[in-house]
Each structure stands twice: as C-alpha cells, then as structure tokens.
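For the numbering used here, add 1005 to where a residue sits in the first sequence, where the first one is 1. Just so you know, even glycine gets a beta-carbon here, dropped at the ideal spot from N, CA and C.
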Amino acid sequence: MTARPELPKTYDPAEVEPRLYEAWLKARVFHEDPDPARPPFIISMPPPNITGRAHLGHASTYTTMDLVTRYHRMLGENADWIPGQDHAAIATESVLVRELAKEGRTRNELGREKFIEIAWAWREQYGGEINEAFRRLGFGPDWDRERFTLDPALSAAVIKVFVDLYDDGLIYRGTRLVYWDPKAQSTLSDAEVEDEERDTFLWHLRYRGEDGGDGLVIATTRPETYLADVAVAVHPGDERYRHLIGTNVVLPIVDRAIPVIADDAVLTEFGTGAVKVTPAHDQTDYEIGQRHGLPMPTVIDFDARIAAPLWRYDETPERRAPIDAQAPKMAPYAGLDRFDARKRIVADLRALGALVEERPYHTQLPVSSRSGEVIEPLLSLQWFVRMKPLAKPALAAYRGGAPHFVPERFGRTYAAGLENIRDWNISRQIWWGHQLPVWYTPNDDVIVAHDEDEAKRIARERFGIDDVRRDPDTLDTWFSSGLWPFSILGWPEKTPELDHWYPNQVMITSRDIIFLWVSRMVMLGQRFAGAMPFRTVFVTPLVFDVHGRKMSKSLGNAIDPMDDLVPRYGADGTRFGILRQMRLESQELRFDERYCDEAKRFATKLWNALRYTCALPEEIPGANVLPPREKLTVADKWILTELRACVEAVTRAYDRFELGVAADTLLQFGWYTFCDWYVEATKAPGQHATRAAVLSFVLNAFVRAMHPIAPFVTEEIWQTLPHDGATIVTASWPDVAEIPSFPDEAAVFRSVIEKVEQLRNARSEWAIQPKDWMRVEIPAALQSERDVVEAIATLARAEIATYDGGDGSVRDRILAVRGVADTAKLRERYAREEKRLEAEVARSEKKLANESFVAKASPDVVAAERAKLDEYRRELARVRTALDALPA
RNA sequence: GGGCGGCUAGCUCAGUGGGAGAGCGCUACAUUGACACUGUAGAGGUCAGAAGUUCAAUCCUUCUGCCGCCCA
C-alpha cells in the first residue's frame, strides 16, 4: 500500500530547498572520484573573486554549469564540477586598503607581512560568502574538491609555469607602455580597465613652423601632455599637410622643435587631421613612436603629477639634450596634478595665442574599475609574457576546430583576439597575490628560480655572491586563473584526476572574458598540460535589465538574486525563470522577473498535480510501472506519446545548450499538456482503472527531465511518489525506449482537444454558465468509442445525446460532434464559422488554381495544400448542415 | 573606423519559405474530484521601411533607419 501523506496545499520553497540541500550534502551526492568505467565529464567552475557577491550574471552562468553537470550525471557519466575561488589580486587589495583607511591605517605602515596576514584573515571570514549564495541557489559542485588560486599546490603550479616560460625566453623584463592606476599605484590588466563616457573638450593648438611659417593646428583631448610631444603626425595621403612632412614645427612655451611625420594610423577626419605624438602616454602614439624610432620622454609620473624635467628610459645623450633643455621653461608646471596642469597649460597657451579653439567633446576615457581613477598610460619597467609564440599554436588549433564555440560566432571573436595579441604585462605593484619568483643581486642581475634557496645557489654559481633580494611585485590574477582547468586537477603532479578528467568537456563562461581568460587557458593548457583544456566553449549571454540597460547600483536597476529573487520565487523559480530567457543566438538577456514568477507558479501547479495523484483512491502500483497496454485509454496513450516527445525535445535541447527551449518545452508539457488536459481527462469514470499508475509514471519521468533546471521541487515530487533509489540527483535520465508511443491514438485525442475547445467556445458564446452542463450531440457511430465520448463529456462538461450519422474515421466522427442550443447566437456562431471557412477554402483554391504553384512547388507542399483544402471543405459542409438544421 | 546582435501584440520574447504564436498585462465569466500561485473564453499585430530573388517572403539577399554590444 502506497503511503498517502497529507501534502500541504501550497508548495513552499523556503521550507523545502534548504532541507533538501542539507540532505544532498550529507549524502555527498555531488562528490565523484575518477572512475574509468564511466565516460568522464567535468566542468571547471570559473573561480569567482573572493570579494564577489552573487549577482545575476553568476545566477545565469553558474546555473547553466549546474544544469549541465546534473544532466550528464543522470546520463550515467562520471560527472564532476570543481568549484573554487580567485584571490582577485587588485580587487581584494583595494577592498582591504579601503577597510584599513576607515581605521586610519595604511598598507605601507603595516608592512607586507602583516598586511598579507590581515588579507588571509579577511579571506577566511568573508571569502566563503559567495559559496553560501551558490548553495542557496542549489548549485551542486563537488565541494570536497574546492580550490583557491593561492593554495600551495596552485601556487607551485604558478611558479613552475613562470620559471619555464622564463627559461624558454617567453617571459622578459622590459620598459613598455602599460596601464597605470595612480591611485592603486599599480599597473592594471585590460580586464580592470573600463571605458567611461565623459564630457571634455577638444583643444586645437597651433604649432608654428620652425622656419617662421604658420605651421599647423593639431587637435587633442590631452593638452598637458604636449610637453612630451616628439612629433606631429599626419596621414600620408592628406593633401592639406603633404608640403609640411619632413619639416619641423615648434612647441609653444617650451620652444622645442619636433618633426612632422606621416603615418597611416592618423585619421584624417578626426579634429584637424594632424595629431600630436606623445609616445609615453598613449597607445597609438607609442606604436607610432616605435615605427619612427622617436624618443619617448615621460611627462607624468606615477603620482599623476607633472614631472619636470621629463624623464625617460634608454635614451642617448644626443636625443636627451633638446628635451632636457626645456626643463627651465616648464618649471611652473612641475609637481602639478595632471588635471590642474591641464587648466594652467590651456590658460597659458590661450594667453600666447597658441590655443585656436576649445570645443566641447564627448569621449570615452579609460578608467580603473577598481579605484575609479582615470588610467594613465605610461612607460614603465615591468615583466611581460611574449604572446605571439603562444598564440600561434592556439590559432592553428582553432583552424582545426578546437575548441568548438557555441554559438559559433564567438570563435571569431576569440580568433581575432589571438591574431592581434600584444605582450602581456604580468607584474603588479601590490602585495596580495603570487610574488614573482624573481631575485636580484646587488648589481641588478636577474635570477629566476623556484625558491630563495635555488636563487641563492644560482647567484653563487653565476655571480659568486649569495646576497639576493626578491622582486616585491606580484603576478596578474589572470596568470593563475589561466592554469585553472589543469592546476585544480593537480598539475604538475600526474594525478588520477588529471589523467581522467583532462581535457575538460566544456567551459561555460560569458563573452566579456573570452579573450582575457579563455584564450589564456588555451595557450597555457596547450603548452603545459599538453592539450587543449576543453573541447567546447559555451558562451552565455550577458544580463541586462528589462529595457536593455546595464544593471548598476547607481542606476538603481540592479537585481540581486539573493535579496530580490530567491526569497520571492525560490531557487527553482529563479533558475527556471532565468534559463527560460536564454536563447542560443542572443548575446544579451534582458532579464524580466515575470518569468521567475511564472516559474514559481509552475512549481505550485506541478505540486498540486502531485497532490491530486496522491489523493486518488486508486493505488499506484510502484515506481515506473504502467498498466498493460490493452488497458490503456486513448488519453493515457496520448499523454505517454506526448511525454516521450517532451523528453526527446528536452534531451536534444540540453545537448545543444538550447536551455530556453528546454525550459519552454518543460513548461508547455507540464502545465498545459499534462495538468490542463490529462489531469482533467482522468476525472472521467473510464480513466479510473489506469490513471494512478499513468499519472505517477508521467510525473516521475517528467520531474527527472526537469531536475537539472529546478532541482528542488523535482526532488520533492520524486520523493513523494514511488521511486527507485535514494535521490533524484543520482537517478537516471528518462529512457525514451521505456516510454511507449502511440501515434494513432494520440492523433485521435488531439481531435478530442480540438473539438472540446470548439465546444467551450460555443458555451461561452451561448452564455451557458460553467456550472451548467451543456448539451452535445455525437454521431451515433461514435458511441462505440467509449473513451472518446467520456473524454468529451468530461472535458467539455457536456451531456451527450446522439444523432444519426457518422461515417469515416474516428477523427471524422469526432469532428461531427455538435453543441446544441436553440438560440440565435448559435446561428450567428455558425455563420461566422462558415464565413471563416469560406475564406480559407477560397484562399486554398486560388493557390491550387495557380499553375506555377502546382508546377513549381514541391509535390509534398501541393499535396498538403490539397489535403488542407479537403479538410476545410468537409468542415464547411458540416457547418452548413448544422446551420440548415437549425430552426428558422 | 572595423565587427557582431537586434527591431514580431501594451511589456518581455518564441517562431517558420506555404494557414501570425506564448507569458504577463487587459476584458468577461467561473469556486467543476489537485491548484485563485487557478480555470475557461475574448480583445489586441500592414512581423521597422524599401527594393530584389521566388510559384510563394515575417523568414533568403541588398540597401536604409533606429537600438545595443565588442574591438580599435
């Protein structure tokens, strides 16, 4: 005897979800060990920053990973999802510095050792917060395998990679243009630089000719850097300036002569078509400077103040002389902040008549995403990775189809990034992170070693001294995350995990870090782990607000999944609602909370279908036990056929990452097909014998198909029904071979639905109250179809009478069913129906009368059109008969 | 400047070379063997515009317009 618990009337996610999650943790259902007997499946969780809070982007990307892992586990694969966190070098350090500032302390007065100690304590206290959010969202990574980028093992991997790259000549130290954050006092990675729109001016300055001529007018947004100009560049094809190329112009105030040069990088439409060239403070200018062998004096120092005299690297005395000579004349600006200097210089140039025009200008400025400070590009002695030799094999692999991108077009973004790759600045002037494995002798000889002992040994061997000091800089955070897919499996040790689970099957991430992160994992994975780190890269859409705007606190449109969604809709509702909106080809997701609300109501709907099933007087025979086929009714056969189609569609959708389609399919089947039609149909007396078994069977398979998206409600339903196994998490994926399909009976029931809809419509037209039974006449020949007659009577709430007639197939006879009401409304209704059908017949006839259509369209299409026309004609005939039969 | 995505009902979005769809919202009715976090019915759209290809275009091609993203 099946237990029949009293089930609460509404489903309460707040009660169910934490309880089930605890049970899963206790049973360690998410943990896997390498098992060669099963196909490996693994996802490396992109490590969230320890400073991070769970936001909607996480909810969408990480739900996807959870879904895919759960799905593959149910398919019987050795599926694992390894979680972890990123130490988030600059992000964390700036949070800590801010915290210290609140107490009136600074990093430097604490000293490195103490600061690192505080950082670890902070990590212990707050670093796990995001994991709490992930658990609340139902994510099931293998918590026993959690990794942190600063773990000893991962740090050892970082050191090894650094040393190997250095030994191979791929890491070098040099002076290059870098992104400098004057507030954080460190270089930044591309990822930490954002463009911000600002209102400023475009200043037009006249540089007179050295020969006393008018010279030319340049346009600039950064007049203060003109002190370090070394040339004026024009486009070689620009007729306006051709005569000046090769001549010199003179910088106002400081009276230094610089050449006019031609370079293709100059845009003729921008400003006046002539631009100042300041190689030490602008990327484009730096490249022009390199091409033309120009000197590169620096005018803004690390504090973003004007440096006077200018300072520079690697210059010969001849090239330095004229630049040094201007020092006395720029003394008034020395030490001024760059923006104060700008005002002062603009004023002075104006007084001198060198300022031709000041035009309001809207532009984008590079801003540090950490400190909010405007970035100062400047020349600095830093460590770099030579990227072109690493990118080459990655590009070759891409041309060979690896990795495979979904959607495909993101592969082109990735490849374009690799083609235009520049050397990677990896040194940061902060303390929280992997300190460079670099030591210097007192003579500044460079030693790269795995540890200090080795460094000393090398120093003795090579230089005869063992007095070494370590480079204080740390590595860019992306250096360690670039090793993630193999470092978390134990590399460089040859572990069973690495052997079994590398390469990963799929990397799931969002498109803003395709180049920053994905490409680096590929390059480093190829070189160090001996293979592409993953076969497929699935790129999830970026999340925007419902009107397509970026979510931000300042706009007030940010939605916090933990505060705003989970409490209201449950984790299931949140996950289902988000996934429902994911479309493969779409690159943005305009998040609409209504989908979460709908998903929550869907959970309640399913819950009530369960309550109905459990409250039936009939017994459920057992888990996945169907009545013998000869006992199944037309409705039973139809719902089983639909279930099978649903599982097939969902399987296909999961396999192709069409997650929105999967969610749509589940909702459609669960709510409309199953609850609205099948559950209603089981109320007919003829259904009683089979319904408990069929309802239970369908629900059991259905919740398994839905489990990867909404893990909790599906577990709760599955547990309540008869089931095999301990938890749905480790249950098997529904096997379509075990779901019988009956195409003919399914078609018959679809006709029943169509007829019932017509009858309900008629009921509404005739103003028959829902509580009243309506009269329906069926052709006498339909009487033998007891299932069908009962289904119509139940679903349309109708009293059945018969009339003579009813030829043809069962479906024909169903179509001849007619509602009975002796009112003028009925006549109107039929007249309208007649008109609609006449129009359809006319359209179809016209089409078939078109000789080109019949001759050129494919035979299938023509045949289908003929069949449609026949159908319309038959229906029209029935309507006309009905109309004629009505009393005048 | 280069590349990419989008424009379908009031809102958010599916969809298809051959009869325009869903949810929400709106209107009306209803407490029927689970469910008002419900059910039933209904109103609402020259599928951004133009040209082309085709027997046939909301769908393919080109151009235009507008919105957005990425790279420079």
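- Message: Can you confirm whether the stretch 1455-1475 touches the stretch 1618-1631 when touching is taken to mean that 3 or more C-beta pairs between the two stretches lie within less than 8 Å?
- Response: Contact between the stretch 1618-1631 and the stretch 1455-1475 is absent, because fewer than three Cβ pairs lie under 8 Å.
- Message: Can you look up Ala1806 in the DSSP assignment and give me helix, strand or coil?
- Response: Here residue 1806 corresponds to residue number 801 of the first sequence, with the count starting at 1. Three-state result, Ala1806: strand.
- Can you check DSSP and say which residues form a bridge with Asp1200? Taking the first residue of the first sequence as 1, we reach residue 1200 at position 195. Answer is Pro1371.
- Indicate whether the contact test is met: 3 or more Cβ pairs, each with one atom in the stretch 1035-1052 and one in the stretch 1070-1089, closer than 8 Å. yes
- Query: I think Lys1191 touches Ile1431, with their Cβ atoms under 8 Å apart; what is that distance to the nearest whole Å?
  - Reply: What you label residue 1191 is simply residue 186 of the first sequence in a count that begins at 1. What you label residue 1431 is simply residue 426 of the first sequence in a count that begins at 1. Reading the sequence as shown, one finds Ser at residue 1191 and not Lys. Going by Cβ atoms, the distance from Ser1191 to Ile1431 rounds to 12 Å, so no, they are not a contact pair.
- Cut-off 8 Å between Cβ atoms - residues of its own chain near Ala1019, not counting five sequence neighbours on either side: In the first sequence, residue 1019 corresponds to position 14, counting from 1. So the list reads Pro1572, Gly1575, once near-sequence residues are dropped.
- For Tyr1507, is the classification buried or exposed, using 16 other Cβ atoms within 10 angstroms of its Cβ as the cut-off for buried? Residue numbering aside, residue 1507 sits at position 502 when the first sequence is read from its first letter. Under this definition Tyr1507 is a buried residue.
- Drop a sphere of 10 angstroms on the beta-carbon of Asn992, count the other beta-carbons inside from all chains shown, and report buried for 16 or more, exposed for fewer. Nothing can be reported for residue 992, as the shown portion of the chain is limited to 1006 through 1893.
- Item | Between the CA atoms of Ala1189 and Met1556 - distance to the nearest angstrom | Counted from its first residue, the first sequence places residue 1556 at position 551. Counted from its first residue, the first sequence places residue 1189 at position 184. Each residue's alpha carbon lies about 25 Å from the other.
- Query: To the nearest angstrom, how far is it from the Cα of Arg1465 to the Cα of Phe1167?
  - Reply: By 1-based counting over the first sequence, the position of residue 1465 is 460. By 1-based counting over the first sequence, the position of residue 1167 is 162. Answer to the nearest angstrom: the Cα atoms are 22 Å apart.
- Message: Excluding the 5 residues flanking Ser1485 on each side, which residues of the same chain have their C-beta closer than 7 Å to its C-beta?
- Response: Sequence index remark: in the first sequence, residue 1485 carries index 480 (1-based). Taken in chain order, the residues that qualify are Thr1154, Leu1159, Val1163, His1439.
- When we look at the beta-carbon of Arg1818 and count the other beta-carbons within 10 Å, is it buried (16 or more) or exposed? Translated into the one-based positions of the first sequence, residue 1818 becomes position 813. Buried: at least 16 other Cβ atoms inside 10 Å.
- Message: At the level of alpha carbons, what is the spacing between Pro1546 and Met1587?
- Response: Here the question's residue 1546 lines up with position 541 in the first sequence. Here the question's residue 1587 lines up with position 582 in the first sequence. When rounded, the distance between both Cα atoms is 7 Å.
- Query: Looking at the structure shown, is Ile1311 part of a helix, part of a strand, or coil, going by DSSP?
  - Reply: Here residue 1311 refers to the residue found at position 306 when the first sequence is read from its first residue. Reduced to three states, the DSSP call for Ile1311 is strand.
- Message: Can you tell me whether Phe1491 is buried or exposed? The criterion is at least 16 other CB atoms within 10 Å of its CB, across all chains shown.
- Response: If you number the first sequence from 1, residue 1491 lands on position 486. Burial is judged here by how many other beta carbons sit within 10 angstroms of a residue's own beta carbon; Phe1491 has at least 16 and is buried.
- Message: Within a Cβ cutoff of 8 Å, which residues of the same chain sit near Ala1806, ignoring the five residues on either side of it in sequence?
- Response: For the purposes of this step, residue 1806 is identified with residue 801 of the first sequence, where counting begins at 1. For Ala1806, where only same-chain residues beyond five positions count, the Cβ hits under 8 Å are Arg1780, Val1781, Glu1782, Ile1783, Val1825.
- Query: For the candidate residues Leu1664, Pro1566, Lys1636, Asp1602, whose alpha-carbon lies nearest to that of Ser1591?
  - Reply: Along the first sequence, read from residue 1 onward, the residue named residue 1591 stands at position 586. Ranking Leu1664, Pro1566, Lys1636, Asp1602 by Cα distance to Ser1591 puts Leu1664 first.
- So, helix, strand or coil for Trp1125, using DSSP? Taking the first residue of the first sequence as position 1, residue 1125 is located at position 120. If DSSP states are grouped into helix, strand and coil, Trp1125 belongs with the helices.
- Query: What first and last residue would you give for the beta strand (DSSP E) that runs through Asp1085?
  - Reply: Your numbering for residue 1085 matches position 80 in the first sequence. Here the beta strand (DSSP E) through Asp1085 covers 1083-1087.
- Message: Based on DSSP bridge pairs, tell me the residues matched to Tyr1177.
- Response: Taking the first sequence and counting its residues from 1, the one referred to as residue 1177 is at position 172. Answer is Phe1389, bridged to Tyr1177.
- Query: If you draw a straight line from the alpha carbon of Ala1236 to that of Leu1383, how long is it in whole angstroms?
  - Reply: Position 231 of the first sequence, counted from the start, is the residue given in the question as residue 1236. Position 378 of the first sequence, counted from the start, is the residue given in the question as residue 1383. Approximately 17 Å, taken between the alpha carbons.
- What are the partner residues of His1209, as DSSP defines its beta bridges? By 1-based counting over the first sequence, the position of residue 1209 is 204. Paired residues: Ala1224, Glu1362.
- For my contact list, Cys1651 and Thr1725 are in at a C-beta cut-off of 8 Å; report their separation, rounded to the angstrom. Taking the first sequence and counting its residues from 1, the one referred to as residue 1651 is at position 646. Taking the first sequence and counting its residues from 1, the one referred to as residue 1725 is at position 720. Contact doesn't hold; Cβ gap of about 21 Å is too wide.
- Message: Along the chain, where does the alpha helix (DSSP H) containing Lys1642 start, and where does it finish?
- Response: The residue given as residue 1642 occupies position 637 in the first sequence. Where Lys1642 is concerned, the enclosing alpha helix (DSSP H) stretches over 1639-1660.
- Item | C-alpha gap between Ala1752 and Pro1745, whole angstroms | For the purposes of this step, residue 1752 is taken as the residue at position 747 of the first sequence. For the purposes of this step, residue 1745 is taken as the residue at position 740 of the first sequence. Going by the C-alpha atoms only, they are around 15 Å apart.
- Is the stretch 1559-1570 close to the stretch 1639-1646, with three or more CB pairs under 8 Å? no
- Asp1040 to Ile1048, Cα distance in whole Å? Along the first sequence, one-based indexing puts residue 1040 at 35. Along the first sequence, one-based indexing puts residue 1048 at 43. Between Asp1040 and Ile1048, the C-alpha separation is close to 16 Å.
- Message: With DSSP as the reference, identify every bridge partner of His1240, one or two as the case may be.
- Response: Sequence index remark: in the first sequence, residue 1240 carries index 235 (1-based). Paired residue(s): none; His1240 is not in a bridge.
- Message: Whether or not the stretch 1731-1740 and the stretch 1593-1603 are in contact is what I'm after, with contact meaning three or more pairs of Cβ atoms, one per stretch, closer than 8 Å; do they touch?
- Response: no
- Item | Same chain only: Cβ atoms within 7 Å of Asp974, ignoring 5 sequence neighbours per side | An answer regarding residue 974 cannot be provided, because it is not within the stretch 1006 to 1893 covered by the chain.
- C-alpha distance - Arg1765 paired with Glu1022, whole-angstrom precision: On the first sequence, position 760 is the one that residue 1765 refers to. On the first sequence, position 17 is the one that residue 1022 refers to. In a straight line, the C-alpha of Arg1765 is about 39 Å away from that of Glu1022.
- Exposure label - Lys1348; buried when at least 16 CB within 10 Å: Locating residue 1348 in the first sequence gives position 343, counting from the first residue. With fewer than 16 other Cβ atoms within 10 Å, it is exposed.
- Leaving out five residues before and five after Val1741 in sequence, what residues of the same chain have Cβ atoms less than 7 Å from its Cβ? Position 736 of the first sequence, counted from the start, is the residue given in the question as residue 1741. Closer than 7 Å at Cβ, skipping near neighbours: Arg1649, Val1652, Glu1653.
- Could you tell me which residues DSSP puts in a beta bridge with Leu1256? Position 251 of the first sequence, counted from the start, is the residue given in the question as residue 1256. Note: Leu1256 sits in a beta bridge opposite Arg1261.
- Extent of the continuous beta strand (DSSP E) run through Met1528: For the purposes of this step, residue 1528 is taken as residue 523 along the first sequence, with counting starting at 1. No beta strand (DSSP E) contains Met1528, which is instead part of the alpha helix (DSSP H) from 1524-1529.
- Message: Using a Cβ-Cβ cutoff of less than 8 Å, which residues in the same chain neighbour Thr1609 once the five nearest sequence positions on both sides are dropped?
- Response: As a working note, residue 1609 is residue 604 in the first sequence. Answer for Thr1609: Thr1015, Tyr1016, listed in chain order.
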